[in-house]
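Some notes on the structure that comes next.
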Amino acid sequence: MSNSRISSGRPQAEFPAERSTPTEPSVDPTDRSVGERARRAAIQVCKGYRAHDDRARSAAVDAFAFVDDAQFEHLDAAEARSAATALVDALWAKDDVEGSFVSDGVVERPAALSAAEWDDVESPLRRRARIVGMDEAYGRLTTESWKRHKVGGEYSRPALEAQRIEVAAAIGTEEYPTKDRAGRSGFGELPARYLVAIELHDDRNNRSSDRAIDVMTPYFETILAAHEGDDV
Numbered sequence: 002m003s004n005s006r007i008s009s010g011r012p013q014a015e016f017p018a019e020r021s022t023p024t025e026p027s028v029d030p031t032d033r034s035v036g037e038r039a040r041r042a043a044i045q046v047c048k049g050y051r052a053h054d055d056r057a058r059s060a061a062v063d064a065f066a067f068v069d070d071a072q073f074e075h076l077d078a079a080e081a082r083s084a085a086t087a088l089v090d091a092l093w094a095k096d097d098v099e100g101s102f103v104s105d106g107v108v109e110r111p112a113a114l115s116a117a118e119w120d121d122v123e124s125p126l127r128r129r130a131r132i133v134g135m136d137e138a139y140g141r142l143t144t145e146s147w148k149r150h151k152v153g154g155e156y157s158r159p160a161l162e163a164q165r166i167e168v169a170a171a172i173g174t175e176e177y178p179t180k181d182r183a184g185r186s187g188f189g190e191l192p193a194r195y196l197v198a199i200e201l202h203d204d205r206n207n208r209s210s211d212r213a214i215d216v217m218t219p220y221f222e223t224i225l226a227a228h229e230g231d232d233v
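Residue numbers for the sequence shown follow our numbering, so the first one is 2 and each next one is one higher.
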């Protein structure tokens, strides 16, 4: 695969509705350093998933649009918002699919949920991939990871591969990860960080929310540094 820029055209789990609201992290909107911009993106990605848990659709779109505008430099603001809207459409479609099989947060018929029709979830994820200009396998892999996460099963591999596709689009190269020593297999640091954030997202407490921000800040630092020409 080439190192050429990708031309222009997320995990994910659920916080329970009864969880307490994390303390809003402080930010300096005037600080344009890579580190501070990355931290703001990390805060927003966590806010996006909390908004989904709270059924706050417009807030979820706003948060994910902030993230996509930051991480996909080849998209303009309208395209970034369209990509974010597609992700939110998929999350709401996922809830619709799960609704007949989940009671009080418990999956009552996991086999039936696994066999249910998930096309309405995958379709907006493929739309997101087209907007971003990334491999549409992202849609299938993300859908599979969400399904396995809900019904039980090894969800990490499709989640990691889906996020590897998204990271490659964000940094602008098809060759991610690149490793200069033995042990070159694997999905790379950034998808692994995203997976850790999913696990923290599941942990249901404010400390885990803070830790998820800490985990995801270097994720966005790497992407934003790549935009400025740093090697990844």
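By construction, the Cβ of each residue, glycine as well, lies at the ideal position given by its N, Cα and C atoms.
{"Check": "Under 8 Å between C-beta atoms of Ala61 and Ala52", "Outcome": "yes"}
{"Check": "Inter-residue spacing [alpha-carbon to alpha-carbon] between Glu234 and Thr143", "Outcome": "Because residue 234 is not part of the residues shown, which for the chain are 2 to 233, the question remains open."}
{"Check": "Ser83 (DSSP reduced to helix, strand or coil)", "Outcome": "helix"}
{"Check": "Ser157 versus Glu229, Ala81, Leu196, Ile166, residue with shortest Cα-Cα distance", "Outcome": "Leu196"}
{"Check": "Ala104 - DSSP class collapsed to helix/strand/coil", "Outcome": "The question names Ala, but residue 104 in the sequence shown is Ser. Three-state DSSP puts Ser104 in a strand."}
{"Check": "Neighbourhood of Ala81 by C-beta, 7 Å cutoff - its chain only, sequence neighbours within 5 removed", "Outcome": "Ala66, Asp69, Asp70, Phe73"}
{"Check": "Option nearest Ala163 by Cα separation, candidates Gly189, Gly154, Gly106", "Outcome": "Gly189"}
{"Check": "Close Cβ partners of Ala171 (< 7 Å) along its chain, the five nearest in sequence each way excluded", "Outcome": "Gln72, Phe73, Ile224"}
{"Check": "Inter-residue spacing [alpha-carbon to alpha-carbon] between Arg127 and Ala138", "Outcome": "8 Å"}
{"Check": "C-alpha distance - Glu113 paired with Pro125, whole-angstrom precision", "Outcome": "The sequence as given places Ala at residue 113; Glu does not occur at that position. Near 22 Å, if we compare the C-alpha coordinates of Pro125 and Ala113."}
{"Check": "Residues near Glu109 by beta carbon distance below 8 Å, same chain, minus five either side", "Outcome": "Phe102, Val103"}
{"Check": "Within 8 Å, strictly: CB atoms of Trp119 and Lys151", "Outcome": "no"}
{"Check": "Own chain partners of Ala39 with C-beta closer than 7 Å, once the 5 adjacent residues on each side are dropped", "Outcome": "Thr218, Phe221, Glu222, Leu225"}
{"Check": "Candidates Pro111, Ala213, Gly106, Gly173, of which the one nearest Ala227 by Cα", "Outcome": "Gly173"}
{"Check": "Where the alpha helix (DSSP H) containing Ala169 begins and where it ends", "Outcome": "157–172"}
{"Check": "Contact belief for Leu201 with Ala193 at Cβ below 8 Å, rounded distance in angstroms", "Outcome": "Rounded, the Cβ-Cβ distance is 13 Å, inconsistent with contact."}
{"Check": "C-alpha gap between Asp97 and Glu229, whole angstroms", "Outcome": "40 Å"}
{"Check": "Where His228 sits in the DSSP three-state scheme", "Outcome": "helix"}
{"Check": "Rounded C-alpha distance that separates Arg58 from Val89", "Outcome": "7 Å"}
{"Check": "Ala160 vs Ile199 beta-carbon contact at 8 Å", "Outcome": "yes"}
{"Check": "Residues of its chain near Glu145, where Cβ-Cβ distance is below 7 Å and the 5 sequence neighbours each way are ignored", "Outcome": "Pro159"}
{"Check": "Buried or exposed by the 16-neighbour rule on C-beta atoms within 10 Å, applied to Ala64", "Outcome": "buried"}
{"Check": "Ala94 and Asp121 closer than 8 Å at C-beta", "Outcome": "yes"}
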